[in-house]
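Residue 273 is where the sequence shown starts when you use our numbering, and the numbers rise one by one after that. By construction, the Cβ of each residue, glycine as well, lies at the ideal position given by its N, Cα and C atoms. Predicted model only: the values in this text are computed from it and were never measured. Note sheet for the following structure.
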Amino acid sequence: MAEAVYQQLCNVLAKRGGLYPGRDIPEFFALVEELFTPEEAEIYVAIPRGFHPAADIARNAGKDGDSAAAILETMADKGLCNAGKMGGVSYYSAPMFVPGIFEYQFMRGTRTDRDRTLARLIHDYKRALDAGRETPRETYPLTRVIPVDRTVAAGNTVHTYHQVATYIEKYSPISVSTCFCRHEARLLDENDHCGAPDDVCMQFGMGAQFVIDRNMGRKVSREEAMAVLDKAEDAGLVHTAINRQEIDFVCNCCACHCMILKKTLAHPRPGVVLNSGFQPRHDKDLCIACGVCIDRCPTEALAMGEDEVPTVDLDRCIGCGVCATGCEVEAVTLVERPGVIPPPVDQAALRAAMKASHAQ
Numbered sequence: 273m274a275e276a277v278y279q280q281l282c283n284v285l286a287k288r289g290g291l292y293p294g295r296d297i298p299e300f301f302a303l304v305e306e307l308f309t310p311e312e313a314e315i316y317v318a319i320p321r322g323f324h325p326a327a328d329i330a331r332n333a334g335k336d337g338d339s340a341a342a343i344l345e346t347m348a349d350k351g352l353c354n355a356g357k358m359g360g361v362s363y364y365s366a367p368m369f370v371p372g373i374f375e376y377q378f379m380r381g382t383r384t385d386r387d388r389t390l391a392r393l394i395h396d397y398k399r400a401l402d403a404g405r406e407t408p409r410e411t412y413p414l415t416r417v418i419p420v421d422r423t424v425a426a427g428n429t430v431h432t433y434h435q436v437a438t439y440i441e442k443y444s445p446i447s448v449s450t451c452f453c454r455h456e457a458r459l460l461d462e463n464d465h466c467g468a469p470d471d472v473c474m475q476f477g478m479g480a481q482f483v484i485d486r487n488m489g490r491k492v493s494r495e496e497a498m499a500v501l502d503k504a505e506d507a508g509l510v511h512t513a514i515n516r517q518e519i520d521f522v523c524n525c526c527a528c529h530c531m532i533l534k535k536t537l538a539h540p541r542p543g544v545v546l547n548s549g550f551q552p553r554h555d556k557d558l559c560i561a562c563g564v565c566i567d568r569c570p571t572e573a574l575a576m577g578e579d580e581v582p583t584v585d586l587d588r589c590i591g592c593g594v595c596a597t598g599c600e601v602e603a604v605t606l607v608e609r610p611g612v613i614p615p616p617v618d619q620a621a622l623r624a625a626m627k628a629s630h631a632q
């Protein structure tokens, strides 16, 4: 029975998609047998897309409601399903591996023996999938960059979806958790750390409430969230989120560890597959050719030009603004990048855009 249900789980996670979908390989089964009990796998398979009450999921799984609800609560605590309450009723959904289950395993920042085991199994699974991939295609991106909005030059159009501060002001509650990418690296090798702050990943609204309820992160005020944002920007981290106008998380990524940037940098033209809609402009009258912006650029998109003013390679530039935040003389600002379309309004629009892109 266990073998059959884990095979069903593989099939379902393959359909869920994401950066690391389910694949019928030994590394998958080694991982899910550690993550899921057979009963949990059976319940996960029974969860349709979207949020549903335990009674509906129990009916799909052929179980009684109380036992299914108990399993779902345990799964939510383990980060194997999402959970939230509406009108006093608990609803559950089945996240994909990424974004979703993988992140939830390490957001608490704990360092137990099981954490280390999961880090190795997740690492092995990602490595196995990456080894079998061809050169990545330029398909519609699942994620996007949000620029450091204070670096955008006056006169440029800055929409609300271009500003992390907008989401901080809009949503309640807000939570902050450990960067799962950097934490996973340290679970694998204690010395593998770039020095970037770890407690800088944010969640908003229902997503934040889930993180708070399950002790995966801490609730913060808007003022505390803005301080976290400033800390991330000072450290040269890149704001990334799901590629839609309404978001439920912001990651603050380094190029050396974080999955979103590392996957982007595997593309021949990272600036085409991940972008904020902006690009840097250097003021030659202010620039002192110190090279700080070149050193800070996470995608190596800048180089010193012949006239001692940095030039930008738009095939590599993701428009994050990290170059501008490091410029002490304020010679770097962001300007609108032509040809970048606005992010989809919601998840349905994003899914349609990605489906159309893969069909081409």
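Taking C-beta atoms under 8 angstroms as the contact rule, F482 and I446 fail to qualify, at a distance of about 13 angstroms.
When the alpha-carbon of N547 is set against those of T415, E275, G359, the nearest one is in T415. Under DSSP, the beta-bridge partners assigned to M368 are G372. Between the C-alpha atoms of M347 and L307 there is a straight-line separation of about 10 angstroms. Bounds of any alpha helix (DSSP H) do not take in M474; it lies within the beta strand (DSSP E) bounded by 473-476. Counting only unbroken stretches of 4 or more residues, the alpha helix (DSSP H) elements lying wholly within the region 381-411 are 385-403, in sequence order.
In the three-state reduction of the DSSP assignment, K556 falls in the coil class, being assigned neither a helical nor a strand state. Between C589 and T571, the C-beta spacing is below 8 angstroms. With respect to P413, N515 sits close: the two C-beta atoms are nearer than 8 angstroms. Here T432 is exposed: its Cβ has fewer than 16 other Cβ atoms, across all protein chains shown, within 10 Å.
In the three-state reduction of the DSSP assignment, K350 falls in the coil class, being assigned neither a helical nor a strand state. Judged by DSSP secondary structure, P582 falls within the beta strand (DSSP E) whose first and last residues are 582-584. The three-state secondary structure of V492, taken from DSSP, is strand. In this structure, E299 and I343 do not form a Cβ contact; the two beta carbons are roughly 25 angstroms apart against a cut-off of 8 angstroms. By alpha-carbon distance to R380, the top candidate from L460, E456, V564 is E456. By the neighbour-count definition (other C-beta atoms within 10 Å, threshold 16), A620 is an exposed residue. The beta carbons of Y363 and P325 sit about 6 angstroms from each other, so the pair counts as a contact at 8 angstroms. With distances taken between CA atoms, T309 lies nearest to E275 out of E275, E495, G289. For E306, the enclosing alpha helix (DSSP H) begins and ends at 298-307.
Looking from the CA of F550, the closest CA among I297, A286, D421 belongs to D421. V607: member of the beta strand (DSSP E) spanning 604-608, first to last residue. Spanning the alpha carbons of P469 and D502 requires a straight line of approximately 11 angstroms.
Per DSSP, I514 lies in no alpha helix (DSSP H) segment; the continuous beta strand (DSSP E) that holds it begins and ends at 510-514. Between the alpha carbons of L281 and L352 lies a gap of roughly 12 angstroms. Spatial neighbours of P542 in its own chain (CB-CB distance under 7 angstroms, excluding positions within 5 residues in sequence) are listed in chain order as T536, T571, R588, I590.
Taking a 10 Å sphere around the C-beta of K357, we find fewer than 16 other C-beta atoms and assign the residue as exposed.
Contact between G467 and V594 does not hold, since their C-beta atoms are separated by about 15 angstroms, which reaches or exceeds 8 angstroms. Distance from the CA of A313 to the CA of V284, rounded to the nearest whole angstrom, comes to 10 angstroms. In the structure shown, Q551 falls within a strand segment according to DSSP collapsed to helix, strand and coil.
The C-beta distance from R490 to D349 rounds to 17 angstroms, too long to fall under 8 angstroms, and the pair is not in contact.
Where N524 is concerned, the enclosing beta strand (DSSP E) starts and stops at 521-525.
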